[in-house]
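Everything in the sequence shown is counted per the UniProt record's numbering, starting at 1 for the first residue and increasing by one. Notes follow the structure.
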Amino acid sequence: MASVRYIVDPDLAAGYDFINSAIVQRDLLVVAARCSVVYEGRGASRLGEGDRLIIVKPDGAVLVHRPTGYSPVNWQPDSHVITVERQDNSILFRSVRKRPREVLEVTISKVYFAIAVHGLVDDAEFIEYLDEGEIADYLARHPEVVEEGLRIIRRERPLESGYADMVAVDSEGRYVVIEVKRVTAGLEAVKQLHRYVENFRKANPEAKVRGILAAPAITKDALSLLTSLGLEYRHIDVAKLYREAKREKRRGGAASLLEFIKR
């Protein structure tokens with residue numbers, strides 16, 4: 001179980017002891033402090049004194065954040081050596097990488113608070129799901145995921161009000177306009193599919209046309225509207241599609257979109 005220590009508004013001596021102890025124990029360290037930063041390595045930079053958030057991870061990654069914005073203003077992806085020195089009116093924190101040699105020095109003149117967490121564990125698998133285009137590409141290669149007997153005839157079909165993700169022909173010879181969403185489909189997704197179906201009917205007045213909305217989930221209101229418009233919903237498991245697409249890529253067996261269009 002992780003253990004947490006913290007210190008609030010310490011003097012520099014107590015702040016030094018706390019920060020140095022956290023570094024020695026390879027804790028996750030978060031420090032709100034007034035500091036300046038100097039970097040030398042593949043380039044060089046100097047950041048004047050200001051209030052910053054300093055994060056040091058157990059693997060030696062170091063990030064210095066301003067009070068606003070999500071990107072760090074300075075960082076080291078890892079450190080071979082981290083040292084903390086007590087100076088007359090400051091604490092000098094130094095992170096050194098050997099290859100390429102990079103040195104990040106943070107001179108701390110005031111510590112507002114510091115938190116050290118020891119024993120954090122995170123071994124969960126990270127799954128980065130597909131975006132809508134990648135999902136549609138996979139479904140174009142495997143239309144049976146949407147419905148058995150479908151044959152895709154066009155990806156990104158231009159219509160009067162936009163581009164339909166896919167147009168297919170079903171086992172009974174009817175055209176099927178398919179719109180794909182990677183998140184829960186709401187009313188706007190249903191309205192979008194309806195526009196595409198009506199555009200397709202207008203351009204092909206003699207054709208029998210269906211509309212399918214493929215998404216991992218759909219809101220109650222959206223499903224009610226979809227049904228009232230004579231359209232259909234198909235559940236897709238985005239995590240499963242990601243795993244299958246990844247497996248295809250490893251096998252090298254997936255046809256490219258260009259190859260698919262040429263078929």
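Glycine is no exception: its CB is placed at the ideal position from the N, C-alpha and C atoms. Source: prediction; values computed, not measured.
Close beta carbons around residue i, own chain, < 8 Å, minus the five adjacent residues each side
i	result
Arg-182	Tyr-129, Leu-130, Asp-131, Glu-132, Ile-135, Ala-215, Pro-216, Val-238
Arg-101	Gly-41
Ser-256	Reliability of the predicted coordinates at Ser-256 is poor, the pLDDT of 47 falling under 50, and the value obtained from them is presented with this limitation in mind. Within the same chain, Ser-256 has no close Cβ partners at all.
Asp-221	Gly-186, Leu-187
Separation of residue j from residue i, as counted between CA atoms
i	j	result
Lys-262	Gly-162	Below a pLDDT of 50, predicted positions are generally treated as unreliable, and Lys-262, at 41, falls in that range; the measurement from the model is reported next regardless. Whole-angstrom Cα-Cα distance: 23 Å.
Lys-249	Arg-243	10 Å
Ile-153	Ser-171	13 Å
Val-4	Phe-113	13 Å
Tyr-233	Asn-199	19 Å
Gly-252	Glu-144	20 Å
Leu-187	Ala-203	25 Å
Val-103	Arg-247	41 Å
Under 8 Å between C-beta atoms of residue i and residue j
i	j	result
His-197	Val-177	The question names His, but residue 197 is Val in the sequence shown. Yes, these two residues count as a Cβ contact at 8 Å.
Ser-90	Leu-29	no
Val-146	Arg-174	no
Trp-75	Leu-63	yes
Ile-7	Val-84	no
Leu-225	Leu-213	no
Gln-25	His-118	yes
Asp-51	Pro-77	no
Contacting residues, own chain, Cβ-Cβ under 7 Å from residue i (five flanking each side not counted)
i	result
Leu-241	Leu-130, Ile-135, Tyr-138
Gly-48	Ser-36
Residues sharing a beta bridge with residue i, DSSP
i	result
Pro-158	Tyr-163
Phe-93	Val-84, Val-106
Leu-229	Leu-229 is not bridged to any residue.
Glu-179	Leu-213
Gly-50	Cys-35
Residues of its chain near residue i, where Cβ-Cβ distance is below 6 Å and the 5 sequence neighbours each way are ignored
i	result
Phe-18	Ile-7, Ala-114
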